[in-house]
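Accompanying notes for the structure given below.
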């Protein structure tokens with residue numbers, strides 16, 4: 005993807021008007037507990053071998069959450085719209101919250117586990133060598149179901165990017 009990054013830098017340098025900022029803030033709540041805020045990264049990509057995908061992942065550290073992430077694959081390029089767990093506009097989705105105590109919460113469209121809503125308000129693509137990077141802005145809400153007795157209730161990821 006270095007070619008895509010170079011193309012993005014070139015587009016920015018040429019004053020293309022494409023918004024390349026990637027500020028992302030995520031709130032994570034486990035089993036009805038207080039929301040914890042952490043930095044995150046949200047992006048989209050297309051590659052011939054994998055198709056179109058959008059992902060959001062925490063990049064900062066939280067005392068009680070080891071990982072929080074969500075991804076969805078799409079049958080076509082991401083666009084300004086709302087994507088949901090029940091919509092045909094999403095091919096597959098997967099999300100997880102893993103606590104430092106070992107509790108696992110998941111979301112999956114395949115198993116109809118948990119739910120999500122991703123609202124994209126801005127999508128700008130930059131392509132090179134058959135691949136495309138999508139710079140995204142929007143919001144996401146993901147509800148994940150506890151797996152096993154060590155993960156009671158649900159976990160929630162909300163992100164603004």
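Residue numbers (this note's numbering): 5 to 165.
Don't be surprised by glycine CBs; every beta carbon is placed ideally from N, CA and C.
Residue 113 and residue 131 closer than 8 Å at C-beta: No, the pair does not count as a contact, with Cβ atoms beyond the cut-off.
Segment contact, 8 Å Cβ cut-off, at least three pairs: the segment 59-67 with the segment 39-49: A contact exists between the segment 59-67 and the segment 39-49.
Alpha-carbon spacing of residue 139 relative to residue 133, whole angstroms: If I take the Cα positions, the gap works out to 17 Å.
Distance between beta carbons of residue 125 and residue 84, contact taken as under 8 Å: Taking a contact as a CB-CB distance under 8 Å, the pair residue 84 and residue 125 counts as one, their CB atoms being some 6 Å apart.
Those residues which DSSP pairs with residue 120 across a bridge: The partner list for residue 120 (beta bridge, DSSP) reads 146.
Beta-carbon proximity list for residue 157, same chain, < 7 Å, skipping 5 on both sides: The beta carbon of residue 157 is closer than 7 Å to those of 35, 36 and 150 in its chain, skipping five residues each way along the sequence.
Simplified DSSP state of residue 89, which is helix, strand or coil: DSSP places residue 89 outside both helix and strand once states are collapsed to three, so it counts as coil.
Endpoints, the beta strand (DSSP E) within which residue 74 is located: If you look at residue 74, you'll find it in the beta strand (DSSP E) that goes 69-78.
Boundaries (first-last residue) of the beta strand (DSSP E) holding residue 56: Residue range 55-62 is occupied by the beta strand (DSSP E) that includes residue 56.
Own chain residues within Cβ distance below 8 Å of residue 105, not counting five before or after: Excluding sequence neighbours, residue 105 sits near 68 and 154.
Residue closest to residue 49, alpha-carbon to alpha-carbon, out of 76, 32 and 152: Taking the Cα of residue 49 as reference, the smallest distance to any Cα among 76, 32 and 152 is reached at 76.
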